[in-house]
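Take 214 as the starting number for the sequence shown in my numbering and just add one per residue.
The structure under discussion appears below in the form of structure tokens.
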Amino acid sequence: MIKRLLVMILKLFVFGCIVLYTLFFLNKLFDLEVNAPAINNFLAAIAAIPIPGVGKVGGIVILVVGALTLSGAFDE
214 MIKRLLVMIL KLFVFGCIVL YTLFFLNKLF DLEVNAPAIN NFLAAIAAIP IPGVGKVGGI
274 VILVVGALTL SGAFDE
């Protein structure tokens, strides 16, 4: 039961990382800082949240999505 809970938490974390990475990418792609500075400020605040002993959320998102990409998680 604990194993299933941990797997579910890990899946939610990975899903959150993918969503945040997509938002970061779309923000830069469409240059939303001119059109919607509130979105840019919100994403920057999320990316700057420190995780003690690990780093910042933005760096962790990039590492997780990069690791998934290298492992072939997005290949069809």
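Backbone N, C-alpha and C define an ideal beta-carbon position, used for all residues, glycine too.
Could you tell me if residue i is buried or exposed, where buried requires 16 or more neighbouring beta carbons within 10 angstroms of its beta carbon?
i: residue 238; result: exposed
i: residue 274; result: buried
i: residue 219; result: exposed
i: residue 225; result: exposed
So residue i is in the alpha helix (DSSP H); what residue range does that whole segment cover?
i: residue 275; result: 270-283
So residue i and residue j are in contact, right, with Cβ under 8 Å, and what is the actual spacing, rounded?
i: residue 277; j: residue 232; result: Incorrect: roughly 12 Å between the Cβ atoms, too far for contact.
i: residue 270; j: residue 260; result: 6 Å
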